[in-house]
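Trainee:
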Amino acid sequence: MRKQYVIGNWKMNLAWEEVLDLCGELKDFMHSLPKTISIGVTPSSPYIPVVMPLLPAHIKVGSQMVSAMESGACTGQVSAKQLDSLGTVFTLIGHSESRALWNESDQELAQKVSQSLETQLEVVFCIGESLEVRESGDYLSFLMHQIKAGLFHLDAKQMKRVILAYEPIWAIGTGKSAQPNQIQEVHQALRGMIATQYGEEVANSFSILYGGSVKPENAAGTFALEDVDGALVGGASLKAQSFAAIAEACVSQKSI
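Residue numbers (this note's numbering): 1451 to 1706.
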C-alpha cells in the first residue's frame, strides 16, 4: 500500500503571532486524526526550528526551498545540510512559483535533488504544466521531460525517498478547474513513466500528490482517485480547520 501524504505549503505568509495561533489550532484539530497518513507543513525558513516543538509530533516540518550548492558564498541560500541539522524532514523542489520566480533550470533542480538526498531529507518534487502547454495537447510529454530531467539520474533506492507532486498550473488561481478524469489521467501516466524507468515495484509504492487548489469541498473527490496519494495544499493550509478537514478526507477515502 502506498503512503498517503497531506502537506501544507504556507508559502510567504503569516507573521510570527499568526504562526503561533495556527500551531495551537493545529494541535486542537489534529490530535484525534488517525495516524494512517503522513502530515507535513512548510513554514517560511526563519520559522522552521521554532515551529517544530509547537506542533504535534506527528506533523513533520519541511522546507519550501533548498540550495543546489553544498555550502559557501551563496548569500540568501539554505543548504540541505543546514536544513538536515535542524531536524527538517523534507524539502519542496521545483514548485511552480519557484520555477517561475527564480528561473530554475533543469540542471539546478537535479542538483537540489542530489544535495538533499545526500542528507536525511526527503524530496517533494513538483511538476506541472501551464495553460498554453495543456491546450497544446503535449502536456504529458512536457511532464515527462520535467521528471526525466529532475529525477531520472537517481537509482531505485534513492527514488524511495522522493514524493512527486503534480501542480496543474493552469488550474491554480485561474478560475479553471481540473476535472477528476483529468487528474487521474495525469497521475496514472506519471506512475507509468516511473514504472518504465524503475519497474512496477517502485512505481506501485511511489506516492504522487495532487497540488491543484485542494480545498475541503473538493478533497474527498480528489482522494477517491486511484492514483492520487494525497495533496500538496496551499491557501487552505493556512486555516487549521480547513487543513484538518482535508487531512480527514484523505484518511476517510484511503481507508475505503
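Don't be surprised by glycine CBs; every beta carbon is placed ideally from N, CA and C.
Hey, how far is the Cα of S1564 from the Cα of I1597?
Mentor: Going from the Cα of S1564 to the Cα of I1597 covers about 14 Å.
Trainee: Counting along the chain, where does the beta strand (DSSP E) carrying T1492 start and finish?
Mentor: It spans 1488 to 1492 - the beta strand (DSSP E) in which T1492 sits, taken as one unbroken run.
Trainee: Along the chain, where does the beta strand (DSSP E) containing T1672 start, and where does it finish?
Mentor: Premise fails: T1672 lies in the alpha helix (DSSP H), 1666 to 1673, not in any beta strand (DSSP E).
Trainee: Contact defined as beta carbons within less than 8 Å: I believe V1539 pairs with K1510. What is the distance between those atoms, to the nearest angstrom?
Mentor: Contact holds; Cβ gap of about 4 Å.
Trainee: What does the alpha-carbon distance come out to for the pair M1594 and Y1616?
Mentor: Looking at the two C-alpha atoms, the distance is approximately 12 Å.
Trainee: From this set, L1614, P1618, G1600, which residue's C-alpha is nearest E1582's C-alpha?
Mentor: The shortest Cα separation from E1582 among L1614, P1618, G1600 belongs to P1618.
Trainee: Is I1498 near Y1455, with beta carbons less than 9 Å apart?
Mentor: The answer is no: Cβ separation not under 9 Å.
Trainee: Under DSSP, the alpha helix (DSSP H) around L1659 begins and ends at which residues?
Mentor: Here L1659 belongs to no alpha helix (DSSP H); instead the beta strand (DSSP E) covers 1658 to 1660.
Trainee: Go ahead and pull the three-state DSSP assignment for K1510.
Mentor: Correct three-state label for K1510: strand.
Trainee: Using 10 angstroms around the beta-carbon of G1662, count the other beta-carbons present and answer buried if the total reaches 16, otherwise exposed.
Mentor: With 16 or more Cβ atoms within 10 Å of its Cβ, G1662 is classed as buried.
Trainee: Tell me the start and end of each unbroken alpha helix (DSSP H) in the segment 1540 to 1571 that is at least 4 residues and wholly inside, in chain order.
Mentor: Complete alpha helix (DSSP H) runs here, min 4: 1546 to 1552, 1556 to 1567.
Trainee: Excluding five sequence neighbours on each side, which residues of the same chain lie with their C-beta closer than 8 Å to the C-beta of M1609?
Mentor: The answer, listed in chain order, is L1601, I1644, Y1648, V1652, F1656.
Trainee: Does the distance from the C-beta atom of S1495 to that of M1519 stay below 9 Å?
Mentor: Not a contact, by the Cβ cut-off of 9 Å.
Trainee: Which residue wins for smallest C-alpha separation from P1484, given the options R1584, H1508, A1530?
Mentor: The candidate whose alpha carbon is nearest that of P1484 is H1508.
Trainee: Evaluate S1692 with the Cβ neighbour count: other Cβ atoms within 10 Å of its Cβ, from every protein chain shown; 16 or more gives buried, anything less gives exposed.
Mentor: The residue in question, S1692, is buried, as its Cβ has 16 or more Cβ neighbours within 10 Å.
Trainee: Which complete alpha helix (DSSP H) runs does the segment 1565 to 1648 hold, if anything under 4 residues is left out?
Mentor: Complete alpha helix (DSSP H) runs here, min 4: 1581 to 1586, 1589 to 1601, 1606 to 1609, 1630 to 1648.
Trainee: Would you kindly check if the distance between the Cβ of P1506 and the Cβ of L1464 is under 9 Å?
Mentor: It is not a contact, given that the beta carbons lie outside the stated cut-off.
Trainee: Taking the Cβ atom as the reference point for each residue, do T1486 and I1457 lie within a distance shorter than 9 Å?
Mentor: The answer is no: Cβ separation not under 9 Å.
Trainee: Check whether the Cβ atoms of L1533 and L1559 lie closer than 9 Å to each other.
Mentor: No, Cβ-Cβ distance for L1533 and L1559 is not below 9 Å.
Trainee: Considering only their Cβ atoms, is the gap separating A1530 from E1568 smaller than 9 Å?
Mentor: Yes, these two residues count as a Cβ contact at 9 Å.
Trainee: Tell me whether G1474 sits in a helix, a strand or coil according to DSSP, three-state version.
Mentor: Helix.
Trainee: Would you say the segment 1663 to 1678 touches the segment 1623 to 1640, given that touching needs at least three Cβ pairs under 8 Å?
Mentor: Flag = yes, the segment 1663 to 1678 and the segment 1623 to 1640 touch.
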